[in-house]
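Residue numbers (my numbering), protein chains in the order written: chain H, 1 to 380; chain C, 1001 to 1380.
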DNA sequence: CTGTTAGCGCGTTCAG
DNA sequence: CTGAACGCGCTAACAG
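As structure tokens, this is what we get:
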């Protein structure tokens, strides 16, 4: 179609010469117009237009000023999750709102899960970072810390020197777990990935119960390959803090009703999509030991579960209870019990902190959540 | 929580001094490690670690090299549309994929619809622009052209010197219009906004028919306020090319079955959301002259229409036919007739062109689309 | 109100 | 394989 040849930009010096003024006068004309007389301002603008000068070079300006005007966002896994994962999308909507309010650009760092991610982070010209939940062993976290820029991690991992924003996932999972597992005999959890391998699998629970208030990272020495193995799902072995805490919370709930974790089936989805959840839920709901309660880690996964149940002719909550997470728009029409939290608000909060605003402290630092109890868990 | 104080970065010169080498040796150690002896490389890396040097300053590097490593994306209206509008999200997923493949960051420019948008564009440190559909009179387009950077506009407006990517919306609308309007007596269109005011309204068609192959911009002299007025909806007056072309196409279809445009009701949504569509569709489907065919400009709007019909106890397609646009995942289960096009592919294509790859020409330049005919339009 | 000085931190160029 | 000069394009801090 049309040519978009990148003709050389005119420089400020050229504009200054053409307008018969010094370079600083041109600079002021753009940066602090009120400091320049109306007369010369016009002369400068005219010269600029004549030369096709598009204004001060953004890179040069930011080098000089020491700030870029952009907030960096790192998605734990892959750049496209920004637009493919519904939870990430809601979160980023909040980040974007704050950026827009401050006139800051939002720069998505191109991570792909490979070793080059560290370089991409190091090379990002930004004034701060917001990190969407990633694994404890993600080297990107160290790279971000090394920049010395303000950074906020959402969901996990926690790291000294970097801010952290997340709800109390374990407490919330425990609460919704009590609701969805009440009266159940063959409970199941529909889980996010356990680690960066994102292996989809179905297995029973495993591992010893950890302390109720523990928020420790994944136990050292457990290699990723083991977590999804036939040996069973050990919550403590998951390297994603959100997954780990929610698994622990669901285990807490089931234990407190007298059940054993090793009797709980855990289906691990590789992505947060209803489609994949439907397939895994179908597996959980088929056969002689079909599950009668499914706690899902997102509404998307729960919706896939509801579709699977419907397709199998199973009644919800009669044959199987189901719970989700997030209270998305679809939860209410589906009569889905869920944990309400605003990812959008959390995104906004992360952005504000990463932009240098003081982070809330004390009680204000806690992120609100609450259980929304709907028909999908009311067995009778 | 934890402090994220921005301690001053160490510079390359400091690392050089600490390592007992010249600055250039440090630069090579990072940029072209193979040009440096293994011995000094270690010395340099050590000194860097000791000083907490995070690597070359991205801004300085890009100033020197003349490229930023980021692709700019401008959303016609507001930054958050990136994550709130389902169509924009699919498009950006394609853009993001290409960026990730090339190791380029994706910088979302913080537009808000205000006059400062032009400055935000001018100040963006990027190597090229992708523009998501905006109005013909959006000053941002001129600002982008002025940068001299490669730029691709998706959907519209067209502009000399900038690339353009879009399907033949008018032809597609005409085709799906014939399908959904077949046998109808009281047709309606559920439309995207007509102009930047994004006023939600319901009115009858107005204005003279334009030439079949016309792709002219909005007629001059029609001020925005007039387009949504009681005087009726004139396709030619819409300043959004996509809206304009689709309205023209629907008008073409209805005219070709012998109908008059002034008998077509047009409901204009302010956003691409099923929720708003449901409200407007309810209006269209209520009262003595309730519509019996509704052509929507997106699947989201069509889905809202289906919900409205269901709630009113109307049968689709028996009482009212409905068509959408895009063939999203929800279209097939809903048995929705729709126009299939891949916004994701188009996003990828825009990104590649904006990154400097040659744009396809000739037949390859055309974006594929096709009608998917499903039950929602098969009246008998 | 306008001009001068002095770099921001790095990488290209060309010697050695 | 390493080093010295120079400037990318702009602006903070001062004069005047």
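In this text, a Cβ means the ideal position worked out from N, Cα and C, and glycines have one as well.
Counted as a single uninterrupted DSSP element, the alpha helix (DSSP H) harbouring residue 1141 of chain C occupies residues 1140-1147.
The beta-carbon distance between residue 91 of chain H and residue 347 of chain H, rounded to whole angstroms, is 4 Å. This is short enough to meet the 8 Å contact definition. In terms of CA proximity to residue 289 of chain H, H/186 leads the group H/186, H/137, H/38. In its chain, beyond the 5 residues on either side, 299, 302, 303, 306, 322, 323, 324, 330, 374, 376 have a beta carbon closer than 8 Å to the beta carbon of residue 336 of chain H. In this structure, the CA atom of residue 319 of chain H is about 11 Å from the CA atom of residue 183 of chain H. For residue 342 of chain H, no chain C residue has a C-beta closer than 8 Å to its own C-beta; the minimum C-beta separation is roughly 14 Å. Taking 8 Å as the upper bound for CB-CB distance, residue 326 of chain H and residue 339 of chain H are in contact here, some 7 Å apart. When Cβ-Cβ separations below 9 Å define contact, residue 60 of chain H makes contact with chain C. Closer than 9 Å to the CB of residue 1290 of chain C there is not a single CB belonging to chain H. Here DSSP, grouped into helix, strand and coil, assigns residue 234 of chain H to coil.
With respect to chain C, the C-beta atom of residue 84 of chain H has a partner C-beta closer than 9 Å.
Here residue 361 of chain H is exposed, its C-beta having fewer than 16 other C-beta atoms within 10 Å. Among the residues facing chain C, residue 329 of chain H is included, as its CB has a counterpart in that chain under 9 Å away. Within the stretch 88-113 of chain H, contact with chain C at the beta-carbon level (separation under 9 Å) is assigned to 88, 89, 90, 91, 92, 93, 94, 95, 96, 97, 99, 100, 101, 102, 103, 104, 105, 106, 107, 108, 109, 110, 111, 112. At a beta-carbon threshold of 7 Å, the residues of chain H lying near residue 1069 of chain C are 123, ordered along the chain. Contact annotation: residue 1239 of chain C and residue 1136 of chain C have beta-carbon atoms nearer than 9 Å. Burial check for residue 66 of chain H: the Cβ neighbour count within 10 Å stays below 16, so the residue is exposed.
Setting aside the 5 residues that flank it on each side, residue 1047 of chain C is surrounded in the same chain by 1015, 1018, 1019, each with a C-beta closer than 7 Å to its C-beta; the list follows chain order. Within a 10 Å sphere around the beta-carbon of residue 1245 of chain C sit 16 or more other beta-carbons, which makes this residue buried. Secondary structure note for residue 349 of chain H: its alpha helix (DSSP H) is the uninterrupted segment 343-354. The three-state secondary structure of residue 369 of chain H, taken from DSSP, is coil. Secondary structure at residue 161 of chain H: coil, using DSSP grouped into helix, strand and coil. Under the Cβ distance rule, residue 9 of chain H counts among the residues neighbouring chain C, one pair being separated by less than 9 Å. By DSSP's assignment, residue 1326 of chain C forms a beta bridge with C/1340.
For residue 1280 of chain C, the closest Cβ of chain H is not nearer than 9 Å. Residue 1194 of chain C is a Cβ neighbour of residue 1268 of chain C, given a cutoff of 9 Å. When Cβ pairs closer than 8 Å are counted between the two stretches, the stretch 127-145 of chain H is seen to touch the stretch 69-76 of chain H, the count reaching three or more. In the three-state reduction of the DSSP assignment, residue 102 of chain H falls in the helix class. For a Cβ distance threshold of 8 Å, residue set 103, 105 of chain H lies close to residue 1120 of chain C, ordered along the chain. A direct Cα-Cα distance of roughly 16 Å separates residue 199 of chain H from residue 247 of chain H. With contacts defined as CB atoms closer than 9 Å, residue 1070 of chain C and residue 1105 of chain C qualify as a contacting pair. Contact annotation, residue 249 of chain H with residue 171 of chain H: C-beta distance approximately 7 Å; criterion of less than 8 Å satisfied. The Cβ of residue 1275 of chain C sits closer than 9 Å to at least one Cβ of chain H. Residue 187 of chain H carries a strand assignment under DSSP once its states are collapsed to helix, strand and coil.
Of the other Cβ atoms in all chains shown, fewer than 16 fall within 10 Å of the Cβ of residue 1357 of chain C; this residue is therefore exposed.
Cβ-Cβ distances below 6 Å link residue 85 of chain H to 272 in the same chain, with the five nearest sequence neighbours on each side left out; the list follows chain order.
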